[in-house]
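Residue numbers (UniProt numbering): 1 to 248.
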């Protein structure tokens with residue numbers, strides 16, 4: 001059973017989420033699934049993971065972040081802080097429904113949003129991260145002064161053929177996972193492939209040392225989307241097992 005739900009961010013924008021396997025027993029866990037940049041609530045990771053969770057009677061709430069999928073917002077106005085607020089409002093919404101065990105599972109851009117939200121919320125029980133961004137400022141693109149100056153001068157740039165205002169760059173300076181890692185008190189899992197060409201695995205190695213209760217699982221030969229061999233299956237197994245263990 002699934003239920004499509006619309007809730008609001010702090011600015012009154014409507015955000016879309018789908019609650020899968022809802023239960024009247026609010027003591028059972030519900031996992032918020034947060035997609036990556038330019039993806040959506042029905043990403044292959046989300047849909048496969050929710051099927052696994054359904055089989056073990058764990059509910060999930062997969063959401064479209066601001067400017068993605070069925071949620072409101074213009075993509076050019078997207079910021080990391082907006083995504084963080086989306087996650088916090090999703091937590092608040094589920095708390096309002098009476099759920100007491102809320103977990104976060106975030107990928108890449110959504111992983112960073114989950115990290116920042118987890119550092120601010122006292123209402124979650126676990127944090128699972130798939131190849132999360134820890135700092136955009138360490139990406140080659142964002143470390144290029146000429147490109148940044150052009151972005152500032154022009155007012156916008158393009159990422160994955162999507163127009164982004166310069167405000168996106170200014171905002172990522174305020175969303176550095178390393179700066180808030182010590183504030184995360186819940187059990188945390190980071191899964192990252194050692195062949196990831198988009199988000200450097202060094203970020204997750206560094207981050208895992210800064211989060212007090214954190215497991216780091218490195219999957220050999222896996223790229224950012226875990227399309228190599230059976231790496232996706234291995235990634236999903238690790239995340240599912242972690243959620244089962246920490247949801248008890």
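Even glycine gets a Cβ: it sits at the ideal position worked out from N, Cα and C. Here the structure is a predicted model, which is why all the values come from computation and not from measurement.
A distance below 8 Å between beta-carbons, with the five flanking residues on each side excluded, links residue 15 to the following residues of its chain, in chain order: 6, 7, 8, 9, 63, 64, 65, 66, 71, 72, 86, 89 and 90. Here residue 154 is exposed. Its C-beta has fewer than 16 other C-beta atoms within 10 Å. Under the three-state reduction of DSSP output, residue 233 falls in the helix class.
Pairing residue 131 with residue 114 gives a Cβ-Cβ distance that is not under 8 Å.
When the five nearest sequence neighbours on each side are left out, the beta carbons in the same chain lying within less than 7 Å of the beta carbon of residue 156 are those of 76, 163, 164, 165 and 166, in order along the chain. Taking residue 103 as reference, the option from 185, 150, 173 and 235 with the minimal CA-CA separation is 185.
In this structure, the straight-line span from the alpha carbon of residue 151 to that of residue 144 is close to 11 Å. Going by beta carbons, residue 105 and residue 34 fall inside the 8 Å limit. DSSP, reduced to helix, strand and coil, places residue 8 within a strand of the structure shown. About 15 Å separates the beta carbons of residue 80 and residue 11, which is beyond the 8 Å limit, so they are not a contact pair. Distance from the Cα of residue 112 is smallest, within the candidate group 135, 126, 206 and 101, for 135. Counting the other Cβ atoms within 10 Å of the Cβ of residue 122 gives fewer than 16, which makes it exposed.
Here the C-alpha atom of residue 120 lies approximately 31 Å from the C-alpha atom of residue 195. With a beta-carbon spacing of about 11 Å, residue 193 and residue 229 fall beyond the 8 Å limit used to define contacts. Residue pairing by DSSP places residue 60 opposite 20 and 31 in a beta bridge. Cβ atoms of residue 101 and residue 57 stay farther apart than 8 Å, at about 13 Å.
Here the alpha carbon of residue 212 sits roughly 8 Å from the alpha carbon of residue 181. At the C-beta level, residue 244 and residue 31 stay beyond 8 Å of one another.
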